[in-house]
Amino acid sequence: MSEVECLIVDIAQARLDASAALEFVSDPGFGGITMFVGRVRDLNHGRSVLGVSYDMFDPLALKVFERACAEAAALVGPRIRTYVAHAKGRLAVGDLAVVVAAGTPHRDEAFRACRTLIEVVKHQAPIWKQEHYVDGDSVWSEGCSLCAAPDPGHTHSHEH
Amino acid sequence: MSEVECLIVDIAQARLDASAALEFVSDPGFGGITMFVGRVRDLNHGRSVLGVSYDMFDPLALKVFERACAEAAALVGPRIRTYVAHAKGRLAVGDLAVVVAAGTPHRDEAFRACRTLIEVVKHQAPIWKQEHYVDGDSVWSEGCSLCAAPDPGHTHSHEH
Amino acid sequence: MKISISLYGAFRECDPRGSVELDVPEPAKVSDLRAAFEAHGLAHWPAFKPGLLAASVFASESTLLRENEALPANGRVAVLPPVSGG
Amino acid sequence: MKISISLYGAFRECDPRGSVELDVPEPAKVSDLRAAFEAHGLAHWPAFKPGLLAASVFASESTLLRENEALPANGRVAVLPPVSGG
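So the protein sequences, as listed, match chains A, B, C and D. So the first sequence is numbered by our numbering: it starts at 36 and just counts up by one. So the second sequence is numbered by our numbering: it starts at 36 and just counts up by one. So the third sequence is numbered by our numbering: it starts at 56 and just counts up by one. So the fourth sequence is numbered by our numbering: it starts at 56 and just counts up by one.
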């Protein structure tokens, strides 16, 4: 019953579409939809950002997105629709980098499921962010080390 | 710095607009947006629902929406944009009843702020739901009793 | 003083006009209005439920009113049953 | 056996082609490849950071690989530095 859509969107060809996410997770039996949208910020660690390049190991990234959806369903039960889309390529400030959404019968489930989606994507998906600064410098963000046998219930709570 | 938009939308004249919510809470300095959308379900407490009428005491409802936004800002700090819109009138299954959204620098703040918005709206706003069933019956939902001196930090965690 | 009470939610079933006007002796507190409203409801409205009133609060357009508060000078209040928005 | 290693994130700085091919003696485990990759990096890439490799894992297209696992039969792996998506 759990329906899932996972996408990688090459920014050279298309944009992430928050409306499509809402549409996908909607169902006549669902009263609650929670969506998270991540956008490129103009400032990070005090440095002025021009844009961000996202590099991605596509086949494994899609598998991790699907696992994120499965974890969300494991958390709240099978009556859920989930959506995960991540951009790759060079994004400008304000561009959408990631859109995740969960539709469920009630709102508490939708919030917990949506949070699970984004935490798994952030901490487990093989995606790398290179920030381009106004001063001409570019830096690959320090990230979250993957481990070879991840505990499926493990999601970090720190921000990065 | 906290920017707020609060709306009551008469369903006879317009629809709730999730894209407008995303747009409003966006800011070049914000990396995270969390949105919650509440829709009319086809089934409630096992009864088949045709539609829902929302009744609202408009002036006080808007004040409560504004207070919800202020509580969200108190929770995560002044770098936040918040949006609260609720429909009134007769809605069909699938129609959007409520849209709330919060934009903040990071995602944890956005999730906590968005959750605060919807909990305050659900438990403190003077809004009443009458469900119309397929069998012709109509019932005003049992709800959450308001109290004359609400603790601003108080939000119930139960679902209704 | 004349008090106009707007009816919301299930109280709309009591009077299709959506409001009722009651006269309460001055100085009147919210609790006085509550008693007058209950007496009126029991006397005139078959659909009136005292239990719903007990779970309801009175409010002005800007705030909820405490039981021992004076009624607003403009004579306009609303009676708010338990809420169920969202 | 010949192993083609795709480079992602900061490892792309090491070789603009985005991959490198290494020969490792069979039977080869992931840990053997890690040692060969480190030796290659130290010998050929000025931008190579052993600390980054220590925080990285190897993966096939479908799963992360444990250190004591055999290398995939198709000879294709990726080296994944700490991730920073979203």
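C-beta: ideal position from N, C-alpha, C; glycine also. Source: prediction; values computed, not measured.
* How would you call SER117(C), buried or exposed, if buried means at least 16 neighbouring beta carbons within 10 angstroms? -> Position 62 of the third sequence, counted from the start, is the residue given in the question as residue 117(C). Looking at its Cβ environment, which holds fewer than 16 other Cβ atoms inside 10 Å, SER117(C) is exposed.
Q.
In this structure, how does DSSP classify VAL169(A) when only helix, strand and coil are distinguished?
A. Translated into positions along the first sequence, residue 169(A) becomes position 134. Reduced to three states, the DSSP call for VAL169(A) is coil.
For chain A, check one thing: does any of its Cβ atoms lie closer than 8 Å to the Cβ of ILE46(B)? Sequence index remark: in the second sequence, residue 46(B) carries index 11 (1-based). Output row for ILE46(B): interface = no.
Check: Any contact of the stretch 140-155 of chain B with the stretch 163-182 of chain B, i.e. 3+ C-beta pairs under 8 Å?
Finding: By the C-beta criterion, the stretch 140-155 of chain B is judged not to be in contact with the stretch 163-182 of chain B, since fewer than 3 inter-stretch pairs fall below 8 Å.
If you follow the alpha helix (DSSP H) that ARG131(C) is in, where does it begin and where does it stop?
Along the third sequence, one-based indexing puts residue 131(C) at 76. Looking at the DSSP string, ARG131(C) is not in any alpha helix (DSSP H); the run it does join, the beta strand (DSSP E), is 131-135.
| said: In the DSSP assignment, the beta strand (DSSP E) including ALA108(A) goes from what residue to what residue? | reply: As a position in the first sequence, residue 108(A) is number 73, starting the count at 1. It is not in any beta strand (DSSP E) - ALA108(A) instead sits in the alpha helix (DSSP H) that spans 93-111.
Listed from N- to C-terminal order along the chain, which residues in the stretch 93-121 of chain D have their beta-carbon within a distance smaller than 7 Å of any beta-carbon of chain A?
ALA110, VAL112, ALA114, GLU116, SER117, LEU119, LEU120 and ARG121
Next item on the list: Tell me, to the nearest whole angstrom, how far the beta carbon of VAL169(B) is from that of LEU126(B); I am working on the premise that it is less than 8 Å.
Entry: What you label residue 169(B) is simply residue 134 of the second sequence in a count that begins at 1. What you label residue 126(B) is simply residue 91 of the second sequence in a count that begins at 1. So it is not a contact: roughly 15 Å between Cβ atoms.
*Cut-off 8 Å between Cβ atoms - residues of its own chain near GLY130(D), not counting five sequence neighbours on either side*: Within the fourth sequence, residue 130(D) is the residue found at index 75, counting from 1. The residues are MET56, LYS57, ILE58 and SER59.
Do VAL84(B) and HIS167(B) have their C-beta atoms within less than 8 Å of each other?
In the second sequence, counting from the first residue as 1, residue 84(B) sits at position 49. In the second sequence, counting from the first residue as 1, residue 167(B) sits at position 132. Against a cut-off of 8 Å, the Cβ pair of HIS167(B) and VAL84(B) comes out as a contact.
- Item | Cα-Cα separation between ARG50(B) and LEU131(B), rounded to whole angstroms | The sequence position of residue 50(B) within the second sequence is 15, counting from 1. The sequence position of residue 131(B) within the second sequence is 96, counting from 1. Taking the straight line joining both Cα atoms gives about 8 Å.
**Asked** What does a CB cutoff of less than 6 Å around GLU122(D) pick up in its chain, not counting 5 residues either side in sequence?
**Response** Here residue 122(D) corresponds to residue number 67 of the fourth sequence, with the count starting at 1. Closer than 6 Å at the Cβ level, and outside the excluded window around GLU122(D), lie VAL85 and SER86.
Query raised in the report: So who's on the other strand from LYS123(B), going by DSSP bridges?
Result: Counting from 1 along the second sequence, the entry for residue 123(B) is found at position 88. DSSP lists ASP45(B) as partners of LYS123(B).
Which chain B residues are close to ALA108(A), counting only those with a beta carbon under 7 Å from its beta carbon?
Mapped onto the first sequence, residue 108(A) falls at position 73. Under the 7 Å cutoff, chain B gives no residues; its nearest Cβ is about 19 Å from ALA108(A).
Comparing alpha-carbon positions, which option in GLY73(A), TYR89(A), THR151(A) and LYS98(A) lies nearest ALA47(A)?
Your numbering for residue 47(A) matches position 12 in the first sequence. Ranking the options by Cα distance to ALA47(A), first place goes to TYR89(A).
Whose Cβ in chain B lies nearer than 7 Å to the Cβ of PRO71(C)? In the third sequence, the residue the question calls residue 71(C) occupies position 16. In chain order: nothing, as chain B lies at least about 13 Å away.
- For ILE43(B) and LEU97(B), believed in contact at Cβ under 8 Å, the rounded distance: As a working note, residue 97(B) is residue 62 in the second sequence. As a working note, residue 43(B) is residue 8 in the second sequence. With 8 Å as the limit, LEU97(B) and ILE43(B) qualify as a contact, their Cβ atoms being about 7 Å apart.
Checklist entry - Listing by chain order, which chain A residues have their CB less than 7 Å from the CB of GLY130(D)? => result The residue given as residue 130(D) occupies position 75 in the fourth sequence. Ordered by position in chain A, no residue passes the 7 Å Cβ test against GLY130(D), which lies about 16 Å from the chain.
Per DSSP, what kind of secondary structure is ILE115(A) in: helix, strand or coil?
Numbered from its first residue, the first sequence carries residue 115(A) at position 80. Coil at ILE115(A), not helix or strand.
C-beta neighbour in chain A for THR117(B), strict 8 Å: Stepping through the second sequence from its first residue, residue 117(B) is reached at position 82. So no, THR117(B) is outside the interface.
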